[in-house]
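Taken in sequence, the protein lines are chains A and B.
Counting along the first sequence from 1, when you hit position 60 you're at 60 in our numbering, and nothing is skipped either side.
Counting along the second sequence from 1, when you hit position 75 you're at 75 in our numbering, and nothing is skipped either side.
Protein chains: 2
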Amino acid sequence: MLGRLNHVAIAVPDLAAASVVYRDTLGAKVAMPQALPEHGVTVVFIDLGNTKVELLEPLGENSPIAAFLEKNPSGGMHHVCYEVDDILAARDRLKASGARVLGDGNPKIGAHGKPVLFLHPKDFAGTLVELEQA
Amino acid sequence: MLGRLNHVAIAVPDLAAASVVYRDTLGAKVAMPQALPEHGVTVVFIDLGNTKVELLEPLGENSPIAAFLEKNPSGGMHHVCYEVDDILAARDRLKASGARVLGDGNPKIGAHGKPVLFLHPKDFAGTLVELEQA
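Quick look at the structure:
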């Protein structure tokens, strides 16, 4: 069922500063920021050739990453995103196995314009898992 | 400078249980455990096609992931590993930019038999970064 790693997301308190670290200190290919108000974040994608890092900064009130950054003020790894061929089939299989799907269980449209779902960290070795339709 | 994402490492309190979640619940390709006593961990690699997840369980006294698991008893994302073509040139460039290299600054041999270094999380958006010679 599980496909490629689409991205690793890192929540950061200062997107511009983190972008400079990845571009200048690490010498990576860093894209321009994209504001995603419907997700409460501004994102910057870093192209690593085989996959991506997604830097996330809170946007607006009630950002879903605000609490994470209160606990981790320097930033930190926030989630991993795996691709699946059929997100509804994956959701149903996961729910049947007892895993918890976050929210109302219906996919939303993610940063790449594709359906995504999030899974409860406690069911996946303490890691917030995003699934994205490949 | 920065090459591919070699792996995302997830520290777990119970490697067998986490392997079952990835193999059976998520349907991933999960390899056999490898004990790495010189690194204080037992590892399981999960092949995602484009990159890998590395599950880490403490091995022996003074495991370098023991403190992380005390803070995160369910487990959690521990580090990311990026490939570089020349690890000594990368280290020297990073040190010149003011970034902190952990340990004595000399590469050790990692889980893939290649030289690796770790960089201070505070210099990289709160994320522990491993560099591996490609």
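Glycine included, C-beta positions come from ideal geometry on N, C-alpha and C.
Every value quoted in this text rests on a predicted model; they were computed, and no experiment measured them.
#1: Alpha carbon to alpha carbon, what distance is there between Leu119/B and Leu88/B?
#2: Using a Cβ-Cβ cutoff of 7 Å, what residues of the segment 7 to 18 of chain A are near chain B? List them in chain order.
#3: What does DSSP give as the partner residue(s) for Thr42/B in the beta ladder?
#4: Exposed or buried, which one is Ile109/B when buried takes at least 16 other CB atoms within 10 Å?
#5: At a cut of 8 Å, does the segment 1 to 13 of chain A reach the segment 43 to 56 of chain A through at least three beta carbon pairs?
#6: Whose C-alpha, out of Arg4/B, Val44/B, Pro37/B, Asp86/B, is nearest the C-alpha of Thr51/B?
#7: If you drop the 5 nearest sequence neighbours on each side, which residues of the same chain put their C-beta closer than 6 Å to that of Pro64/A?
#8: With a threshold of 8 Å between beta-carbons, can Thr25/B be considered close to chain A, or not?
#9: Going by DSSP in three states, Leu88/B sits in which element: helix, strand or coil?
#10: Establish whether the CB of Met32/A and some CB of chain B are separated by less than 8 Å.
#11: Using 8 Å as the cut-off, can you tell me whether the segment 22 to 39 of chain A makes contact with the segment 81 to 100 of chain A, which would need three or more C-beta pairs spanning the two stretches below that distance?
#12: Below 7 Å CB to CB, which residues in the same chain sit around Ala1/B once its five sequence neighbours on both sides are set aside?
#13: Taking the beta strand (DSSP E) that Phe118/B belongs to, which residues open and close that run?
#14: Applying the criterion that 16 or more other CB atoms from any shown protein chain within 10 Å of the CB defines a buried residue, is Val80/B buried or exposed?
#15: Using a Cβ-Cβ cut-off of 8 Å, state whether Gly49/A counts as contacting chain B.
#16: According to DSSP, is Val21/B part of a helix, a strand, or is it coil?
#17: Put Asp47/A into one of helix, strand or coil per three-state DSSP.
Reading off the structure:
#1: 13 Å
#2: Listed in sequence order: Val8, Ile10, Val12, Ala18.
#3: Ala35/B, Glu57/B
#4: exposed
#5: yes
#6: Checking every option, the nearest Cα to that of Thr51/B belongs to Arg4/B.
#7: Gly40
#8: So yes, Thr25/B belongs to the interface.
#9: DSSP places Leu88/B in helix when its eight states are reduced to three.
#10: With its beta carbon at least 8 Å from every one in chain B, Met32/A lies outside the interface.
#11: By the Cβ test, the segment 22 to 39 of chain A is not in contact with the segment 81 to 100 of chain A, since fewer than three Cβ pairs between them sit closer than 8 Å.
#12: Note on residue identity: the sequence assigns Met, not Ala, to residue 1/B. Contacts found: Val84, Ala90, Arg93.
#13: Boundaries of the beta strand (DSSP E) around Phe118/B: 115 to 119.
#14: Val80/B counts as buried, since no fewer than 16 other beta carbons sit within 10 angstroms of its beta carbon.
#15: yes
#16: Helix, per DSSP.
#17: strand
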